[in-house]
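A.B. asks: To start, I am sharing the structure in question, which I have written as structure tokens.
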Amino acid sequence: MAALIEETTKSLQRIQTFDVATLARRSELGVDLNFSDAELPAKQVIELFQQIPIEHLVTFPANWQQQLKNAADSFFSILDSTMKFKANIDNAVGQRASLLAQFDSSYQDNFIQLNPMISYVSSRQKDYGALEREARAKIQQASDRADELANTLASHEQEAKRILDEVKKVAAEQGVSQQAVYFQSESAGHQTEADKWQYWTIYVGIALIAYAALSVFIHKIPFLLPTSNYDSIQLAVSKALVFAVFAYFLILCARNFLSHKHNSIINKHRQNALLTFKSLADAADSKENRDVVLTYAAACIFAPQETGYAKGSHQSNSGSVIETIPRVLSSSQNPH
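Residues 3 to 338 in my numbering are what the sequence shown lists, from first letter to last.
What follows is the structure in structure tokens.
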């Protein structure tokens, strides 16, 4: 029994340690006679033998040991014949084809013989206790991970609430502040028009000055030289009429410039009032103070304001309307 185990061990080790890369012998046998086609089937058969660990041979019955030894010796005989193959022997092509055919059929033959042994070895190699311990460890890891995630979610819940409150606050501020865009757009539009009329005012003013300077010497032009009192009166009236037209256009351009400049500044005031309203309202410590802030903000938005360009006081009933705005808003925010 011991001798059979020793012989089987040697046969099995010889197969398991065989280097398939040495089988082809391409440089020695050339392109036509090398055994590169035998590498893959030989590797598959050797892998079958490698699935049977040497240490498990002692658990095999005698008939399995003998069967394994015979299979290993038979396949090694094919390997040995291939390694001893020479290109100059008789019928080299036929012998090569015969060896390749043996390699092709060896996998199926050895699979049928070795399959029960491989299954037996695989069942012995399974440590079911280790598998159970590994499963319990995985379950514990999953439980620990779940607890960690639960703690993380709990810690993030407060942060999420805080962020939600911040978002709501910002949304509320934007709800008021974003209305300032309309006043900003109006201010920019009036400023553009004011710049245009400012240039026209300058141009017309220069033209008026030039005409005034020219009119001093216009009576000295030969064909305009008056020869009678009637001609003098007619020339004087003409000069006055042209000067009045230039003056009118100058006043018109200046008024348009001042009007657009006035509207640009007014809308800029309204934009700033809306942008700062939320902060001022939040700073109020009581409902009455909040109404005061809202009243002044509404006055800045809706009441006419002095700009330095448009003079005079503006009397209207807008004051009573502005005073009612806080009460209307308060009642709408606190319905009964």
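Built from N, CA and C at the ideal position, the CB exists for glycine as well. Note that the coordinates shown come from a computational prediction; the quantities given were computed from them, not determined experimentally.
#1: What number of angstroms, rounded off, separates the C-alpha of Leu70 from the C-alpha of Thr154?
#2: For Lys263, is the classification buried or exposed, using 16 other Cβ atoms within 10 angstroms of its Cβ as the cut-off for buried?
#3: If distances are taken between C-alpha atoms only, which option among Ala301, Ser83 and Thr61 comes closest to Leu276?
#4: Under a three-way DSSP split, which group does Lys88 fall into?
#5: Does Pro55 come out as helix, strand or coil in the three-state DSSP assignment?
#6: Could you give the distance in angstroms between the alpha-carbon of Gln68 and the alpha-carbon of Ile80?
#7: Helix, strand or coil, according to DSSP, for Ser125 in the structure here?
#8: Are the CB atoms of Tyr201 and Phe248 nearer to each other than 8 Å?
#9: Roughly how many angstroms lie between the CA atoms of Gly207 and Leu252, to the nearest whole one?
#10: Tell me which residue opens and which closes the alpha helix (DSSP H) that Leu31 is part of.
#11: Taking the straight line between their C-alpha atoms, what separation do you get for Asp21 and Ala139?
#12: By DSSP, does Phe62 sit in helix, in strand, or in coil?
#13: What is the C-beta distance between Leu14 and Ala74, in whole angstroms, given that I count them as a contact (C-beta under 8 Å)?
#14: At the level of alpha carbons, what is the spacing between Ala242 and Ala182?
#15: Starting from Ala40, follow the alpha helix (DSSP H) in both directions and report where the run begins and ends.
#16: Give me the Cα-Cα distance between Ala94 and Ala26, rounded to the nearest whole angstrom.
C.D. replies: Here's the rundown:
#1: Position 68 of the sequence shown, counted from the start, is the residue given in the question as residue 70. Position 152 of the sequence shown, counted from the start, is the residue given in the question as residue 154. The alpha-carbon atoms of Leu70 and Thr154 are separated by roughly 59 Å.
#2: Along the sequence shown, read from residue 1 onward, the residue named residue 263 stands at position 261. The residue in question, Lys263, is buried, as its Cβ has 16 or more Cβ neighbours within 10 Å.
#3: Against the sequence shown, residue 276 aligns to sequence position 274. Restricting attention to Ala301, Ser83 and Thr61, the CA atom closest to the CA of Leu276 is found in Ala301.
#4: By 1-based counting over the sequence shown, the position of residue 88 is 86. Per DSSP, reduced to three states, the secondary structure at Lys88 is coil, with no helix or strand assignment.
#5: In the sequence shown, counting from the first residue as 1, residue 55 sits at position 53. For Pro55, the three-state secondary structure derived from DSSP is coil.
#6: As a position in the sequence shown, residue 68 is number 66, starting the count at 1. As a position in the sequence shown, residue 80 is number 78, starting the count at 1. Whole-angstrom Cα-Cα distance: 19 Å.
#7: Within the sequence shown, the letter at position 123 stands for residue 125. Ser125 carries a helical assignment under DSSP once its states are collapsed to helix, strand and coil.
#8: Within the sequence shown, residue 201 is the residue found at index 199, counting from 1. Within the sequence shown, residue 248 is the residue found at index 246, counting from 1. In this structure, Tyr201 lies away from Phe248, with their beta-carbon atoms at least 8 Å apart.
#9: Locating residue 207 in the sequence shown gives position 205, where the first residue counts as 1. Locating residue 252 in the sequence shown gives position 250, where the first residue counts as 1. When rounded, the distance between both Cα atoms is 6 Å.
#10: In the sequence shown, residue 31 corresponds to position 29, counting from 1. Arg28 to Leu35 is the extent of the alpha helix (DSSP H) around Leu31.
#11: By 1-based counting over the sequence shown, the position of residue 21 is 19. By 1-based counting over the sequence shown, the position of residue 139 is 137. Distance between Asp21 and Ala139, taken at the CA atoms: about 40 Å.
#12: Sequence index remark: in the sequence shown, residue 62 carries index 60 (1-based). DSSP, read as helix, strand or coil, puts Phe62 in coil.
#13: Sequence index remark: in the sequence shown, residue 14 carries index 12 (1-based). Sequence index remark: in the sequence shown, residue 74 carries index 72 (1-based). Going by Cβ atoms, the distance from Leu14 to Ala74 rounds to 5 Å, so yes, they are a contact pair.
#14: Within the sequence shown, the letter at position 240 stands for residue 242. Within the sequence shown, the letter at position 180 stands for residue 182. Distance between Ala242 and Ala182, taken at the CA atoms: about 49 Å.
#15: As a position in the sequence shown, residue 40 is number 38, starting the count at 1. Counting along the chain, Ala40 falls outside any alpha helix (DSSP H), and DSSP gives it neither H nor E.
#16: As a working mapping, residue 94 is identified with position 92 in the sequence shown. As a working mapping, residue 26 is identified with position 24 in the sequence shown. Between Ala94 and Ala26, the C-alpha separation is close to 15 Å.
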